[in-house]
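J.:
2 protein chains.
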Amino acid sequence: MTGADAVADGQGAVRLLDRTRTAVNPQLRSTVETLPGSMRRVAMYHFGWEHADGTPAAEHPGKAIRPALVLAATRALGAEEAGAVKAAAAVELAHNFTLLHDDIVDEDVTRRHRPTAWTVFGVPDALIAGDAMSALALRMLAEDPHPASAAASARLAACIIELCAGQQADCAFERRAPREVSLDECLAMATAKTGALLGASCAIGALYAGAGDEEVAAMDAFGREAGLAFQLIDDLIGIWGDPERTGKPAGADLVAHKKSLPVVAALASGTPAGDELAELYARPVLDEAAVRAAADAVERAGGRDWAQGQAAERMGRAVEHLAQAVPDPAAAGDMLALAEFVTRRTR
Amino acid sequence: MTGADAVADGQGAVRLLDRTRTAVNPQLRSTVETLPGSMRRVAMYHFGWEHADGTPAAEHPGKAIRPALVLAATRALGAEEAGAVKAAAAVELAHNFTLLHDDIVDEDVTRRHRPTAWTVFGVPDALIAGDAMSALALRMLAEDPHPASAAASARLAACIIELCAGQQADCAFERRAPREVSLDECLAMATAKTGALLGASCAIGALYAGAGDEEVAAMDAFGREAGLAFQLIDDLIGIWGDPERTGKPAGADLVAHKKSLPVVAALASGTPAGDELAELYARPVLDEAAVRAAADAVERAGGRDWAQGQAAERMGRAVEHLAQAVPDPAAAGDMLALAEFVTRRTR
């Protein structure tokens with residue numbers, strides 16, 4: 001199933017992701033297995049392929065959105081996806097390097113329902129394993145004999161720098177008072193942290209299809225805008241929850257005092273509700289009633305409507321960029337299905 | 001001055017390093033300045049170009065051994081060094097990424113007579129800046145239009161993985177009892193941690209000169225063997241000091257209970273002096289008399305002679321590999337002068 005069917009169905013994306021994991025995971029895993037010594041152990045654990053003691057584990061795979069975008073972009077531009085499997089694996093490896101280091105920096109203790117690698121192996125080993133995974137991702141591309149591999153390697157390296165900038169900005173925001181972070185800064189951070197790698201995935205897929213500069217740029221813009229739409233919707237779910245999902249409880253981001261996009265929009269609204277929210281965010285602990293009051297204040301300050309409107313606008317722009325890169329709607333169907341999936345409009 | 005003169009003089013290497021800094025630093029600095037936000041700040045501080053507050057600093061440059069090897073290898077194989085300046089800068093950037101992360105992992109508080117970056121900017125910002133520097137080094141090579149750039153990028157990425165493996169092994173050794181670390185493991189660790197990047201520097205210079213696989217491999221082997229000779233001599237200085245240098249006090253490595261190569265060789269000697277050393281290393285603190293006794297035990301156990309012999313043997317092998325890659329001694333002179341310099345036989 002491809003094209004418009006996949007979008008209408010929504011199951012299309014799930015099948016695309018399954019297919020991607022089947023195509024990419026053997027390459028990804030065999031590459032990770034080349035890492036020397038305990039770096040291999042840390043990486044195999046992080047990917048969910050091994051337990052902490054090195055025994056085989058049932059896979060808890062990531063969703064494989066990024067490699068799916070690489071392969072779908074290659075197909076959408078008329079090339080065989082088989083030629084881009086290494087590139088897809090490299091992108092997923094780079095993504096997981098950033099997760100491994102983000103968990104250290106953010107001191108997060110859980111990832112994919114398991115203890116994070118640094119809590120199991122210690123910061124030094126997790127840090128060093130992440131360094132090696134980053135270099136391995138870029139090496140995979142640089143060594144790939146495909147004619148687009150050097151350009152793809154440069155693009156992925158540039159994207160890693162942008163991901164670092166996004167993560168650094170995120171950390172810096174945490175240390176600032178809520179109203180010291182502007183909405184523009186917040187949008188720029190979300191673009192760097194979430195949009196950049198989705199954009200690079202689409203761009204690398206396009207490069208592997210032999211696309212020209214304009215198509216590659218349009219593919220990158222599609223991924224970036226879809227990524228920002230995803231972040232906006234994720235932030236909405238972090239406040240109001242998702243009736244169709246049990247993963248993230250309503251209010252979780254408010255309890256954590258997260259400076260998410262709807263929150264920052266509300267704080268910047270200049271409304272009395274924005275002031276109420278600022279007062280609530282100044283409290284060190286928010287009880288259940290305060291969380292409800294904060295969610296209500298975000299809504300009355302216009303943060304919810306703004307985020308929903310922005311998400312729709314970003315998706316609209318994403319679709320326009322996609323049509324520019326891939327004028328045939330049937331050929332663009334898989335890309336669109338994946339974008340709809342990441343923004344959780346379908347499942 | 002080139003060739004045999006430089007070796008005889010010893011000042012030749014100093015001049016080569018000065019010339020390298022003049023040729024490479026503008027490229028290196030302008031690339032580092034492209035890093036976004038506070039990652040730029042951290043990197044500029046680490047390189048000694050800025051104070052912690054972002055004001056310009058008098059340079060405390062690294063010795064630039066690695067970029068000097070890149071350029072010397074390119075020249076030795078008959079190409080213009082100007083074409084390899086970006087590659088030389090990329091290697092120095094990669095080297096500094098590893099220093100930045102090593103300081104975090106080893107919790108070192110001083111580097112080049114200044115507080116280390118993580119003590120100034122915190123672990124998160126230093127970690128993220130290092131990630132970006134690694135990607136930037138590989139990006140510089142991948143984006144370089146030189147025909148050898150993709151191969152050089154792949155080689156540098158592979159080398160970064162090996163450096164990570166070396167650093168990880170070093171950390172693991174620290175956690176083990178002195179006699180649980182074998183001499184072979186210790187040599188393999190030193191090769192990965194010190195030899196790999198000196199080898200890659202020579203190999204990348206050769207690639208940029210359009211050399212064939214055999215010359216590239218011989219250049220890599222030259223750098224690796226010279227790197228190991230350097231490490232052995234550095235380890236000797238860490239125990240007995242260097243009458244011609246004031247930098248490292250005699251006994252410093254013994255005070256720190258370092259499992260350096262002469263120490264591990266002595267512990268593995270099966271001699272009574274090796275047992276004496278093991279007894280001394282089991283003490284949590286070594287006073288001045290104990291340090292003298294430990295140095296004496298390493299010597300009587302044969303650790304000093306072994307290390308001196310190994311260093312000479314490694315340098316001999318290095319020279320053989322160099323002659324294979326560059327049969328004309330005059331053309332090989334600068335490479336040899338640099339190798340002699342790093343092993344501190346001349347200054």
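These protein sequence lines map, in sequence, to chains A and B.
Residue numbering for the first sequence follows full-length UniProt numbering, starting at 1 and increasing by one per position.
Residue numbering for the second sequence follows full-length UniProt numbering, starting at 1 and increasing by one per position.
Just so you know, even glycine gets a beta-carbon here, dropped at the ideal spot from N, CA and C.
Could you give the C-beta distance for Gln310/A and Leu232/A, rounded to a whole number, given that I count them as a contact under 8 Å?
T.: That belief holds up - the Cβ atoms of Gln310/A and Leu232/A are roughly 5 Å apart, short of 8 Å.
J.: For the alpha helix (DSSP H) containing Ser322/B, list its first residue and its last residue.
T.: Looking at the sequence provided, one finds Leu at residue 322/B rather than Ser. Start and end: Gly303 to Ala325.
J.: With distances taken between CB atoms, is the gap from Arg139/A to Thr191/A smaller than 8 Å?
T.: No. Outside cutoff.
J.: Between which residues of its own chain and Met189/B is the CB-CB distance below 8 Å, once the five residues before and five after are set aside?
T.: Gly166, Ala169, Asp170 and Phe173, listed in sequence order.
J.: Since Ala169/B is in the alpha helix (DSSP H), which residue starts that stretch and which ends it?
T.: Where Ala169/B is concerned, the enclosing alpha helix (DSSP H) stretches over Ser149 to Glu174.
J.: When the cut-off is 8 Å and only beta carbons count, does His95/B lie next to chain A?
T.: No, its Cβ sits nowhere closer than 8 Å to a Cβ of chain A.
J.: Could you name the residues of chain B that Cys171/A contacts, counting a contact when the two beta carbons are closer than 8 Å?
T.: Near Cys171/A (Cβ distances below 8 Å), the residues of chain B are Pro124, Asp125 and Ile128.
J.: For Ser182/A, count neighbouring Cβ atoms within 10 angstroms of its own Cβ and tell me buried if that reaches 16, exposed if not.
T.: Exposed.
J.: Around the C-beta of Glu340/B, are 16 or more other C-beta atoms found within 10 angstroms, so that it is buried, or is it exposed?
T.: With 16 or more other Cβ atoms within 10 Å, it is buried.
J.: Out of curiosity, what's the CA-to-CA distance linking Thr130/A and Ala43/A?
T.: Rather than Thr, the amino acid found at residue 130/A in this sequence is Gly. Distance between the alpha carbons of Gly130/A and Ala43/A: 8 Å.
J.: Tell me the rounded alpha-carbon separation between Arg115/B and Val109/B.
T.: The identity of residue 115/B in the sequence shown is Pro, whereas the question assumes Arg. Looking at the two C-alpha atoms, the distance is approximately 6 Å.
J.: What residue from Asp275/A, Val285/A and Ala290/A has the CA that sits closest to Gly303/A's CA?
T.: It is Asp275/A.
J.: I want to verify the contact list: residues of chain A whose CB lies under 9 Å from the CB of His51/B, in sequence order.
T.: What His51/B touches in chain A: nothing, since even the nearest Cβ is about 20 Å away.
J.: Give me whichever residues DSSP pairs with Pro56/B in a beta bridge.
T.: According to DSSP, Pro56/B bridges with Glu50/B.
J.: Between residue 349/B and Glu162/B, what straight-line distance do the alpha-carbon atoms span, to the nearest angstrom?
T.: The requested residue 349/B is not part of the displayed model; chain B covers only 1 to 347.
J.: Can you find a CB in chain A that lies within less than 8 Å of the CB of Ser260/B?
T.: Answer no: the Cβ-Cβ gap between Ser260/B and chain A never drops below 8 Å.
J.: Report the rounded CA-to-CA distance for Ser38/A versus Asp125/A, giving the unit in angstroms.
T.: Distance between the alpha carbons of Ser38/A and Asp125/A is about 8 Å.
J.: Helix, strand or coil for Thr271/A per DSSP?
T.: Coil.
J.: Can you find a CB in chain B that lies within less than 8 Å of the CB of Ser182/A?
T.: With 8 Å as the cut-off, Ser182/A does not count as an interface residue toward chain B.
J.: Below 7 Å CB to CB, which residues in the same chain sit around Gly251/A once its five sequence neighbours on both sides are set aside?
T.: Hits under 7 Å: Ile239, Val291 and Ala295.
J.: To the nearest angstrom, report how far apart Ile237/A and Pro262/A are at their CA atoms.
T.: Taking the straight line joining both Cα atoms gives about 10 Å.
J.: Please list the partners that Glu92/B has in chain A, where partner means a Cβ-to-Cβ separation under 9 Å.
T.: Chain A residues near Glu92/B: none, gap ~16 Å exceeds 9 Å.
J.: With respect to the alpha helix (DSSP H) encompassing Val109/A, which residues constitute its N-terminal and C-terminal limits?
T.: From DSSP, Val109/A is part of no alpha helix (DSSP H); its letter is neither H nor E.
J.: Ignoring anything shorter than 4 residues, give me the alpha helix (DSSP H) runs that lie fully in the stretch 58-111 of chain A, in order along the chain.
T.: Listed in chain order, the complete alpha helix (DSSP H) runs (minimum 4 residues) inside the stretch 58-111 of chain A are 65-76 and 85-106.
J.: Under a CB-based cut-off of 8 Å, is Ala39/B close to chain A?
T.: Per the sequence presented here, residue 39/B reads as Met, with Ala not at that position. Yes, because at least one Cβ of chain A sits closer than 8 Å to the Cβ of Met39/B.
J.: Let me confirm a value: Leu100/B is counted as buried when at least 16 other C-beta atoms fall within 10 Å, else exposed. Which label applies?
T.: So Leu100/B ends up on the buried side.
J.: In whole angstroms, what is the alpha-carbon distance linking Leu136/B and Leu35/B?
T.: Between Leu136/B and Leu35/B, the C-alpha separation is close to 8 Å.
J.: Within 10 Å of its beta-carbon, does Ser201/B have 16 or more other beta-carbons around it, so buried, or fewer, so exposed?
T.: Label assigned to Ser201/B: buried.
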